[in-house]
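Participant: The numbers in this note's numbering rise by one with no breaks, and the one at position 119 of the sequence shown is 116.
For glycine and all other residues, C-beta sits at the position ideal for the given N, C-alpha and C.
This one's a predicted model, so the numbers in the text were calculated from it and none came from an experiment.
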Amino acid sequence: MVMTKIHIQFTLFSAFYSPLISTMTGGFLREEGLEYEWSVAPEGKSAIESLMDRSAHVVQTAPSQSFGPLSKGEIMPWAHFAQINEMDGFFLTGRDADPDFSWEKLEGAEVVMFGGGQPKAMFMFACHKAG
């Protein structure tokens, strides 16, 4: 079988993106005749830039990378098309166990988050859903 080589680039390499990592390491691409190499976008460059300059064939990025341009009415020349996960993979933890936790207890609290637009967007959505 003749293999086609593709380059996959991650914006951030994290276990959170294990579906793509599993696709690469589980032999699924090889079964489709694809040989892969992968990299992480260098500091100061988005994986989307690598997609646009054709140095990457497939990129993993958070959908939040499109939020700013979309809010300005820009039409993106790329599309986020794969569901990364069905349920958000972030956890809200505290220093002490609180069996009576309620979202209201977060009002006025300092919350430290993983850096990045997607974690913040998901946290804000969770707060919105909680009222």
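(1) For Tyr33, which of Ile45, Val55, His77, Leu103 has the nearest alpha-carbon?
(2) Near Leu26, what residues of its chain come up, given a Cβ to Cβ distance below 7 Å and the 5 sequence neighbours on each side ignored?
(3) Exposed or buried, what is Phe7 when buried is set at 16 or more other beta-carbons lying within 10 Å of its beta-carbon?
(4) Tell me, which residues are paired with Lys2 by DSSP?
(5) Is Phe7 helix, strand or coil by DSSP?
(6) Does the beta-carbon distance from Gly114 to Ser68 come in below 8 Å?
Facilitator: The short version:
(1) Reading the sequence shown from its first residue, position 36 is the one you call residue 33. It is Val55.
(2) Locating residue 26 in the sequence shown gives position 29, where the first residue counts as 1. If we look at Leu26 and ignore the five residues flanking it on each side, its Cβ neighbours are Thr20, Tyr33.
(3) Stepping through the sequence shown from its first residue, residue 7 is reached at position 10. Under this definition Phe7 is a buried residue.
(4) Along the sequence shown, one-based indexing puts residue 2 at 5. Answer is Glu32, bridged to Lys2.
(5) The residue given as residue 7 occupies position 10 in the sequence shown. Note: Phe7 maps to strand in three-state DSSP.
(6) As a working mapping, residue 114 is identified with position 117 in the sequence shown. As a working mapping, residue 68 is identified with position 71 in the sequence shown. Going by C-beta atoms, Gly114 is not nearer than 8 Å to Ser68.
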